[in-house]
Amino acid sequence: MPEFSGIEVAYALPGRQRVVRLQLEQPMSAEQAVHASGLLQEFPELAGQVLALGVFGRTVDGRHVLRAGDRVEIYRPLKVDPRDARRRAAAG
Numbered sequence: 011m012p013e014f015s016g017i018e019v020a021y022a023l024p025g026r027q028r029v030v031r032l033q034l035e036q037p038m039s040a041e042q043a044v045h046a047s048g049l050l051q052e053f054p055e056l057a058g059q060v061l062a063l064g065v066f067g068r069t070v071d072g073r074h075v076l077r078a079g080d081r082v083e084i085y086r087p088l089k090v091d092p093r094d095a096r097r098r099a100a101a102g
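The working numbering numbers the first residue of the sequence shown as 11 and each following residue consecutively.
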C-alpha cells in the first residue's frame with residue numbers, strides 16, 4: 011500500500027475526535043488546510059475564532075507551510091492554566 015502523501019487535520023473534544031485527510035497537491039498553509047478540511051462547518055464553535063494550531067504537538071502560526079505527512083492539530087482553549095492547577099493541587 012503506498013504511503014499517504016497528503017496531510018491530516020485533527021480536532022478533538024472530550025469523547026470525540028475527527029481527523030480529515032487532504033491531498034497536498036500544492037503548497038498549503040496550516041490555516042488553509044483547516045478551511046479545506048470542513049471542520050469549521052462541522053464544529054461551528056470554531057468559526058470566527060483565532061485558532062491555536064500545531065503540527066505534531068508543536069505550536070505553529072496559521073501561515074506555516076505544510077509538508078506531506080504533516081498533521082495539523084486545532085487546539086481547544088484551556089479552561090484552567092496548568093500551572094495554576096498544579097499550584098492549587100500542591101496547596102492542598
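Yeah, the Cβ is synthetic: ideal placement off N, Cα and C, and Gly gets one too. Model, not experiment: these values are computed from the prediction.
Does the separation of the CB atoms of residue i and residue j fall below 8 Å?
| i | j | result |
| --- | --- | --- |
| Phe53 | Tyr21 | yes |
Compute the Euclidean distance between the alpha carbons of residue i and residue j, then round it to the nearest angstrom.
| i | j | result |
| --- | --- | --- |
| Val70 | Arg26 | 23 Å |
| Ile84 | Arg96 | 25 Å |
| Gln36 | Ala46 | 13 Å |
Note the first and the last residue of the continuous alpha helix (DSSP H) segment covering residue i.
| i | result |
| --- | --- |
| Gln8 | Only positions 11 to 102 of the chain appear in the structure, and residue 8 is not among them; the question remains open. |
Here's the rule I'm using: 16 or more other beta-carbon atoms within 10 Å means buried, otherwise exposed. How should residue i be labelled?
| i | result |
| --- | --- |
| Val29 | exposed |
| Asp94 | exposed |
| Leu63 | buried |
| Ala100 | exposed |
| Val19 | buried |
| Val44 | buried |
Sort out for me which residues DSSP pairs residue i with in a bridge.
| i | result |
| --- | --- |
| Ser39 | Val75 |
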